[in-house]
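To keep things clear, I will list the structure first and then write my remarks on it.
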Amino acid sequence: MKILMVCLGNICRSPLAEGILRHLALQQGLDWEIDSAGTGNWHVGDPPDRRSVKVAQRHGIDISGLRGRQFQAADFDRFDRIFAMDLDNYRDILLKARTDADKAKLQLLLDDQQPVPDPWYDDALFEPVYNMIYEACEKIVAGKK
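Using the UniProt record's numbering, the letters of the sequence shown correspond one by one to residues 1 to 145.
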């Protein structure tokens with residue numbers, strides 16, 4: 001399985017999702033390829049936000065070595081499933097879809113079209129965002145998403 005997590009800048013939510021899902025997949029012995037990207041290009045090559053790194057470290061997950069990259073249409077060819085953090089990201093990714101098969105790979109990370117809030121402007125959101133992403137990633141690993 002090849003899974004891509006996507007948010008806006010690829011420094012807060014999607015690196016957390018990549019790290020969490022990789023951690024859970026390894027615990028289950030799953031040989032999955034997991035990556036993350038952003039719909040925007042502002043943070044290409046940048047490490048994750050220090051607050052994302054810190055919250056992940058508190059939970060035993062190291063995302064400090066990840067680097068930001070921008071989502072490309074070619075990602076539809078590389079990945080089996082693509083998870084967007086919110087509706088804006090979903091719509092931006094959908095614009096790059098070339099076929100119905102591309103569109104079928106895309107879904108929101110959370111159920112019921114709920115967004116994973118962007119914690120960039122509120123330090124207090126990093127822990128709740130971590131927890132939301134963790135629960136969603138547990139469902140992915142369990143085959144319930």
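By construction, the Cβ of each residue, glycine as well, lies at the ideal position given by its N, Cα and C atoms.
- Message: DSSP three-state label for residue 110, please.
- Response: coil
- Item | Whether residue 3 touches residue 81 by CB criterion (8 Å) | yes
- Message: Looking at chain B, is there any beta carbon in it that lies within less than 8 Å of the beta carbon of residue 14?
- Response: Among the protein chains of the structure shown there is no chain B, as only one such chain exists.
- Item | Paired residues, beta bridge with residue 133 - DSSP | Per DSSP, none; premise fails for residue 133.
- Message: Measuring only the C-alpha atoms, how far is residue 83 from residue 65?
- Response: 21 Å
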